[in-house]
Ligand SMILES: Cc1cc2nc3c(=O)[nH]c(=O)nc-3n(C[C@H](O)[C@H](O)[C@H](O)COP(=O)(O)OP(=O)(O)OC[C@H]3O[C@@H](n4cnc5c(N)ncnc54)[C@H](O)[C@@H]3O)c2cc1C
Ligand SMILES: Cc1cc2nc3c(=O)[nH]c(=O)nc-3n(C[C@H](O)[C@H](O)[C@H](O)COP(=O)(O)OP(=O)(O)OC[C@H]3O[C@@H](n4cnc5c(N)ncnc54)[C@H](O)[C@@H]3O)c2cc1C
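Protein chains in written order, with this note's numbering: chain E, 1 to 369; chain U, 370 to 758.
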């Protein structure tokens, strides 16, 4: 049997949220173990070759991969943070023990605090043949291209014109892959103008008020049928269009990767604006299970900049709850909270603001009940 | 499985069954077959959400008491013809790969000798095996420290979700009304006679209520002020990735407390009893179970150690002091018990449905189960089953 490992703070997930949480908790003096299922630290960032939007304080204008490098260099600069990569946390037991799978072996870790920063998973759409090889999440296609240098296909139909759909489409074109069209069920493009304009300049049609009806093929994707939808998102008869493609990418949203939190019995609420089931948490990003904190996309789908700031808050507060102190604790917390508020200002932040408000309200209702 | 969306509850019924596990649905079907009238089944969550959907789903005739043997023999026959009888197109995945029971102590071997004598008398095609004979049946078996084994080729396992669904669907075709997400909250009585059931979605008046609430049977009995010697106890299980078929029978040891089978799908399902487990409703998983089970099972079946575990879960055993079910009427007129299966209620579901419907319809019983009534505990006439995990 494997022996029981211990640490003060275990951070699950080394994306921007987890990396920043590790740095913050380490700065406070806590003993930190950072666990990620991938080999490379950085989460989604390791495949983001484009320049990031977000706030200046959070490296806006830098490419995602470079941000990942910067943060992971900081985490690994000395041995104060123990990094366990290629290690997936597969269980969170009632006694607080984490089960970790590494090299086909089970390791057990009993930390005093846990910060979950597992990010998000891509949503799927139900349509005939959605399980044929050649149907990908857009993020998966991006991983193949940018991380492993593998072409996902030769001619792609992209479903979803949010930022991810637009960015991945553009990166596919850059990789020399044909993008037949981008299909979007809403009557408008959801992603930022900068990205939409690049797509339009490349001559790729964006079909708004359209959806994917079916994928065709025997062993692999050979084509797809796309139909127009009305204001109620019902398919309009006789509006089918056939596209000859070998790859269909779904960029239809992300949902928080909450499995571990369910196991930990953290209470959650269904908040569509935040991507689905989202953990209840207080302003220190501590969940309803004392000692378990969250940060990043897991705490509500947003972006890398906010993920990093949430990581900072969770890391500082988790360490503080263990009794660690630093002089500029209040300064750092207040700065982080102000930055979050600024990030979420304006029309682009409206959905997030609404989502967080609903989450807090639902939490109060549940606690009252 | 069809979702069985809750519709409106009727005002009156001839019988209300509390519990939508394999036992409740089997009773519903058997009662409907006897034209009992308007039959309502209440399930507080979805069908098979309780112990049934969490069980190992093994079916064996190798028991240590005559009653358990007789009940199991009858059920095996029912499982064999179930697809046809219930017109279940998908099939219940009944696989008769046998049960291989392993003895690791002298005492266990003595018990096995006695069990085999009893089982043979009752017509169970069981044989007593040396360790090397056992290895011929299960080539991946490690026979170190083994004393002997017994094997019955007609034992096996089935898919618990499909069996429940098959009973539910066949019952519905005969008019049974299944109300999921409907919880029995109170049982109305008048001078120790059942009058109705109050649920979270309305009240149904009835003279007959059957308690098939699995782990919650004591809670439901309490609704008519009846204390039954029953307690729920957590049991855990796990499943591995699927591989080519290499294990025909279910392999089981009572002294080492484990069982392990390979499903038709190719995955291995295994579980283990924990003597330290305390009575209670908790059904969360533990990491200790993962390690202990992996150790016990891979010691007996070493190649299984190469497989990855894909999932673990837990459910409740429905325990009585003598590991036999409590079946039949109670001091409260119209209130019937079908509970306390002590970890083998899945395999007894077909015969239980049949017998309970016979009791309620006041017919002659096809198997004499008078010894399994509630009164046995007061009379001190327990029928102890020695062979359980
Ligand atoms: C195509 C695309 C473009 C984007 N562009 C921008 C942009 O321009 N600007 C911006 O701010 N944001 C952008 N984002 C969003 C940004 O990448 C995410 O919001 C951010 O990465 C979320 O960070 P995170 O740390 O919460 O999660 P992630 O980055 O997803 O990291 C989660 C980590 O947790 C690990 N993990 C998960 N489960 C386990 C487990 N059980 N055990 C161990 N490890 C686990 C994962 O391997 C992963 O490394 C973009 C996203 C995509 C997909
Ligand atoms: C890990 C494990 C392995 C097992 N292995 C085997 C095996 O190999 N072979 C075997 O034969 N048996 C096995 N069993 C035992 C078997 O699962 C049970 O004996 C059997 O499922 C009992 O069926 P049931 O219908 O009585 O109970 P359940 O399936 O628990 O059904 C009872 C139902 O009643 C509902 N209910 C409770 N209270 C109310 C209420 N107030 N109102 C409405 N509904 C209510 C519950 O939601 C539940 O769905 C195993 C059990 C476990 C946990």
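Beta carbons are placed, not taken as given, at the ideal position from N, Cα and C, and that holds for glycine. Since this is a predicted model, take the numbers as computed values, not measurements.
Residue 544 (chain U) counts as exposed, since fewer than 16 other beta carbons sit within 10 angstroms of its beta carbon. By the rule that beta-carbons nearer than 9 Å mark a contact, residue 681 (chain U) touches chain E. From the listed residues U:686, U:628, U:601, U:473, the smallest Cα separation to residue 649 (chain U) is found for U:601. For residue 288 (chain E), the nearest beta carbon of chain U is not closer than 9 Å to its own beta carbon. The beta-carbon separation of residue 659 (chain U) and residue 610 (chain U), rounded to 15 Å, does not stay under the 8 Å limit for a contact.
Within the same chain, and ignoring the five residues on either side of residue 592 (chain U) in sequence, the residues whose Cβ sits closer than 7 Å to its Cβ are 555, 556.
For residue 122 (chain E), the secondary structure class from DSSP, reduced to helix, strand or coil, is strand. Only residues of its own chain outside the window of five on either side were considered, and among them none has a CB closer than 6 Å to the CB of residue 501 (chain U).
Within the DSSP secondary-structure output, residue 249 (chain E) pairs in a beta bridge with E:136, E:158. DSSP places residue 634 (chain U) in the coil class of the three-state scheme, outside both helix and strand. CA-CA distance, residue 518 (chain U) to residue 583 (chain U), rounds to 32 Å.
Looking at the backbone, the Cα of residue 206 (chain E) and that of residue 570 (chain U) are separated by about 49 Å. By the Cβ neighbour-count rule, residue 548 (chain U) is buried, with 16 or more other Cβ atoms within 10 Å of its own.
The beta carbon of residue 37 (chain E) lies closer than 6 Å to those of 88 in the same chain, with the five residues before and after it left out. Distances from the CB of residue 708 (chain U) to the heavy atoms of ligand 2 include at least one below 8 Å. Nearest CB-CB separation between residue 654 (chain U) and chain E: below the 9 Å threshold. Our two residues, residue 567 (chain U) and residue 553 (chain U), have alpha carbons roughly 6 Å apart in a direct line. Not one heavy atom of ligand 2 sits closer than 8 Å to the Cβ of residue 450 (chain U). The segment 180-195 of chain E and the segment 270-279 of chain E do not touch, with fewer than 3 CB-CB distances between them shorter than 8 Å. The Cβ neighbour count for residue 6 (chain E), taken over all protein chains shown within 10 Å, is under 16; the residue is labelled exposed. Taking the C-beta atoms as reference points, residue 710 (chain U) is found nearer than 9 Å to residue 694 (chain U).
A distance below 6 Å between beta-carbons, with the five flanking residues on each side excluded, links residue 406 (chain U) to the following residues of its chain, in chain order: 383. Contact with chain U is found for residue 91 (chain E), since one of that chain's Cβ atoms lies less than 9 Å from the residue's Cβ.
In this structure residue 444 (chain U) is buried. Its beta-carbon is surrounded by 16 or more other beta-carbon atoms within 10 angstroms.
The beta carbon of residue 659 (chain U) falls within 9 Å of a beta carbon belonging to chain E, placing the residue at that interface.
Distance from the Cα of residue 340 (chain E) is smallest, within the candidate group E:116, E:309, E:253, E:332, for E:309. No Cβ-Cβ contact shorter than 9 Å links residue 108 (chain E) with residue 432 (chain U).
Closest by C-alpha distance to residue 278 (chain E), out of E:348, E:261, E:284, E:290, is E:261. When the five nearest sequence neighbours on each side are left out, the beta carbons in the same chain lying within less than 8 Å of the beta carbon of residue 474 (chain U) are those of 516, 624, in order along the chain. Listed in chain order, the alpha helix (DSSP H) elements of length 4 or more contained wholly in the segment 642-685 of chain U are 656-669. Restricted to the segment 528-607 of chain U, the beta strand (DSSP E) segments that are unbroken, complete and at least 3 residues in length are 546-548, 553-559, 562-568, 571-574, 578-580, listed in chain order. Out of E:91, E:114, E:85, E:96, the CA that lies nearest to the CA of residue 103 (chain E) is found in E:85. At least one heavy atom of ligand 1 lies less than 8 Å from the C-beta of residue 117 (chain E).
Within the segment 248-303 of chain E, the beta strand (DSSP E) runs of at least 3 residues that lie entirely inside it are, in chain order, 254-256, 268-271, 276-279, 292-294. Three or more Cβ pairs closer than 8 Å define a contact, and the segment 409-422 of chain U meets that threshold against the segment 390-398 of chain U. Restricting attention to E:169, E:93, E:215, E:112, the CA atom closest to the CA of residue 226 (chain E) is found in E:215.
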